[in-house]
Structures are given as structure tokens and as C-alpha cells.
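Okay, structure first, notes after.
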Amino acid sequence: MLEVVISFQQNKRSSDRSLLFTSKSKHNRFFVVLFFSLIMMLGDVKTSVLMPLRDALSFCFFPVAYLIDLPALVWKKSLLLYAEKKALLSDIETLKKENLMLRVQLQETSVLKNHRQLLMHLLKFANASEYKMFGARILNFSSDQHRHFVLIDRGKKDHVAVGFPVLDAFGVMGQVIETHRNYSIVMLLSDPFSAVPVKNIRTHERAIVVGNGRKNRLSCLHLPKTSSVQIGDQLITSGLGQRYPEGYPVGQVVSVHAQSDSEFMKVDIRPFSALTQSDMVLLLDTAAKG
Amino acid sequence: MRRRGVLTLSLFRFFMVYVLILILMIYPFSTPFIYPFWSILLLVYIQCIEPKLFHVIHLIFIGLFLDTMTHMPLGVHVFSLTACAWAISFWSPFFRFFGLIQQLCCILFFCLIYQLVFLFLIKSCGYSIVWLQSFIPVIITVCCWPMVYIFFERFLYFKRT
């Protein structure tokens, strides 16, 4: 007990001394870092000056990110060791990609059929097979609860550019927002900063579907109370905004509420794409024709 | 010579723990809000128990790492960690002599500072926040401290003079 008291006294004395002699510089260091981080934050939020720094940091930290994925990767690989090794693996890989391609093409066909019936062959819808498509594997999901991103294994070396729409087997999944040499970052539809111009297949009304931070629900903006939207209506991309090509399935209306304090309705959408389950996606090169 | 060897081994252990903490901080859990603030626990340990190891460069490194890996604006985590470390620096000389409950209260206070500063900054940057979910990690961090402390004491043993 006595030892503890003495040591506490000594420690207190030394801390008093440190407060007298070194605390000012110690606090100054904290203030310098605070100031530095504030400047960096402003620079990153307001301008794109720090993009090269972010790029360099991503490159530097990539080994750690790889290290994080390593246990899961090793586990998957060890399970596959019992199968017929490389040939079987490459076959599965090829078949998976083909299957994904075919399912997307099937979606296009059904969507085009609906369009043809409803618009009486008057409108020409974008045939998505015009665009060059290529598959990618999802490496990682963002662990941050405020943003919904995924990391894919295609980057600048595969000619991926910012703005490429990303699809999975069931519908639109998001768009590429950052590209690096070996990988890219995709913002999912459920991200609070995501917005997709859509139209209702049944009524042809246009609206904007935005993310709200929930993985299995999206919100629909700018639908007036006079709108005839119903539960079960299917929404597809409208092609406005030049980002997503026209005619890709986005989601289905699951609830419609008229709000007393607003001129617009509150519409919840269930996305068609499996935002959290997919491990293979398709990138659409909207600049190049296939 | 022997003392030098022990010091090298200890520094190697510290490096290993550092990498482990970095990995744990961004490990993709299925429910991202149920995890402790490993960075704060490490910070409390090195500032209060092993102050010789502490340097502000750690804050910048860990902060930038978190900002990059979680795709947040650069500087958000650096700012929150520095604010928290600054608060810890006032308590660090006395922390070792506190009882367990007092230590847990201190850690709760540090975590609250960190989380409030962090939430304020990301709210200012335009992010949406779920308040209740954001404070679950604070409670979990406090609960984890005794285990983490024992682990650090066993694994990161430095000869104190």
C-alpha cells in the first residue's frame, strides 16, 4: 500500500514536472495535428486536390487490406483443394461468368418485351448488349456503416473508368466511383449518396431512386400525391442523366404512403440486385460498343 | 546485451500488436456496428501504461489508415483520434493507479469524446447518422477493456524502471 502511495506521489511529481516543462510542447503537437487534419478534411471534402494522396495511401495500405481478406481466402481455397484443382476451378469460373451474362441478357429480353407491349412499338429502347460488358469479382465490402461500397478486382489496367454502371444477375447494383490500378470502388444503390433516374414500367412515370443507408430498401423521390404508383410496380432505369443506360431493372415498389405534411409520397423500393450477397458483378462500358 | 534483446523482442511484439489492431479495426463484420474501438483501447494503453511508446505520428498513421480503408474524407479519423488522445493526455499519469471501475469510467469518457467528435465531423461532411447504433461500440469498448488490458500486459511486457 505504502509502495503504491509513494509511487503515486513520485508519478504525480514527475507528471507535475512534465506539466511544467514539457506539457506546452506536448499540447502544441496535438494542436498541430488537429490543425493539419482539419486542413486535410477541408481539402478532401471541398476539392479533389488530395486525390493523388488518397490514391497513394490506398496503394500503400493494399497489403494490409489483402492481409485482412487472407483468412477468408485461405479457408475458401482449402475447401476447394478437395475438388479437381485448377481445371475444375477455371471451368466453374467460366461457367459462372457465362451464366451471369446469360441472366443479364434474359433480363434485357423481358424488359424489352414489356416495353414493346406498353409503348406499342413506338419507342426504341437501348439494347444493353450494345455495350461492352466484362465480369469482376467482389473483393471486399466496406465495413463502414455510413457508406455502402464494394471493392472489385478490376482497375485502371482493365480500362475501368469512373461512372461505369455495375450490374449483378438481377439488376442494377451501383456505379464505379473510384478507380485504382488493380481495383476499383463501387458505390451501391443503397449508399446515401446514390441516386438513379428511373421510370415505372406500368405507368411510365419518372422518378429518382435514392439510397437511404439500408441495405434492402431504397426510397423514391419526387412522386406527387396524384401519382398512380402501386405496390408491386417495377422500376427500370430511365436513361436520363447519361450515367445508367435505359431499361435495366432497379427495384420493385413495396410500400406507398401519402404524407400529410408533404406534397410527395413516401415510396419504399426493394432493389432487385442482391446488394450484399453477390460475389460476381458485370461492368458496363457505356463508352464502347460491344 | 540481454536487455537489448528483450527490448528488440518487445518492439517486435508491439509491431505485431499494431498490425493486429489495424486488421481488427477494418475487419468486415456482418454487423458493422458491433465492434469495439480497438484504436482507442490501444491508444489508452500506450498513452497511460507505456507512454514511452506514444508519439503523435501513431495518430496520423492510424487515422489515415482508417480514413483510406473506410473511404471517409481524409483527416476525419485523425482529428477524432487526436482529440481523444489530447483528452487522454490529461489523465495518463494517474490512470494506472485507478481501480477497475474508475478506469472503465475514464474509457467511457474517452470513447464518448472520440465518437461525438467523429459523428459531428461526418455529419458536417453530409453523412447520415444512426445515433443509437453509433453508441453501441462505445459500450462494447468499455466492456472489452479488462480483456484487452490483460492481453497487452502479457504480450507487450516492457521492463519498467
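If you read the protein sequences in the order shown, they are chains A and B. Each residue of the first sequence is one higher than the one before, starting from -1 at the first, in the numbering used here. Each residue of the second sequence is one higher than the one before, starting from 191 at the first, in the numbering used here. Beta carbons are placed, not taken as given, at the ideal position from N, Cα and C, and that holds for glycine.
The way I'd put it, the segment 213 to 220 of chain A doesn't touch the segment 169 to 182 of chain A; fewer than three beta-carbon pairs between them come closer than 8 angstroms. Pairing A:V184 with A:F139 gives a Cβ-Cβ distance that is not under 8 angstroms. If you look at B:P226, you'll find it isn't in any beta strand (DSSP E); DSSP assigns it neither H nor E.
The three-state reading of DSSP puts A:P163 in strand, counting E and B together. Under the 8 angstroms criterion on CB atoms, A:D42 is classed as interfacial with respect to chain B. A:D42 carries a helical assignment under DSSP once its states are collapsed to helix, strand and coil. By the neighbour-count criterion, in which a residue is buried when 16 or more other Cβ atoms sit within 10 angstroms of its Cβ, B:C238 is buried. Spanning the alpha carbons of A:D151 and B:S314 requires a straight line of approximately 32 angstroms. If only uninterrupted beta strand (DSSP E) runs of at least 3 residues are considered, those enclosed by the segment 200 to 232 of chain A are 204 to 209 and 216 to 219.
Residue ranges of uninterrupted beta strand (DSSP E) with 3 or more members, entirely inside the segment 236 to 272 of chain A and ordered along the chain, are 247 to 256 and 263 to 269. If the five residues before and after A:L137 are omitted, its C-beta is found closer than 6 angstroms to the C-beta atoms of L149 and D151, all from its own chain and listed in chain order.
Inclusion of A:Y246 and A:L165 in the CB contact set at 8 angstroms is warranted, their separation being smaller than that value.
Between A:S35 and B:G316, the C-beta spacing is not below 8 angstroms. Residue nearest to B:L201 within the set B:L231, B:P226 and B:L243 is B:L243 (criterion: CA-CA distance).
Contacts between A:P190 and chain B, judged by CB atoms closer than 8 angstroms, involve Y317 and S318 in chain order.
Looking at the DSSP output, B:R286 sits in no beta bridge, so it has no partner there. Of the other Cβ atoms in all chains shown, 16 or more fall within 10 Å of the Cβ of B:C301; this residue is therefore buried.
Contact check between the segment 185 to 202 of chain A and the segment 230 to 243 of chain A: three or more CB pairs, one atom from each, fall below 8 angstroms, which counts as touching. Of all residues in the segment 237 to 264 of chain A, none places a beta-carbon less than 8 angstroms from a beta-carbon of chain B.
V246, L249, I250, G253 and L254: these are the residues of the segment 228 to 254 of chain B whose beta carbon lies less than 8 angstroms from some beta carbon of chain A, given in chain order.
Neighbours of A:M39 in chain B, taken as residues whose beta carbon is under 8 angstroms from its own, are P263, L264, G265, V266, F269, L311 and C315 in chain order.
Looking at the DSSP output, A:R135 sits in a beta bridge with A:M278.
For chain B, the residues of the segment 134 to 160 of chain A that bring a beta carbon within less than 8 angstroms of one of its beta carbons are N138, F139, S140, S141, D142, Q143, H144, R145 and F147, in chain order. CA-CA distance, A:S276 to A:G169, rounds to 11 angstroms.
Listed by position along chain B, the residues whose Cβ is nearer than 7 angstroms to that of A:F162 form an empty set, because the closest Cβ is around 17 angstroms away.
Burial state of A:A54 is exposed, judged by a 10 Å Cβ sphere holding fewer than 16 other Cβ atoms. Checking the DSSP bridge columns, you'll see A:M185 partnered with A:F147 and A:Q173. In the DSSP annotation of this structure, the continuous segment of the beta strand (DSSP E) that includes A:K197 starts and ends at A193 to N198.
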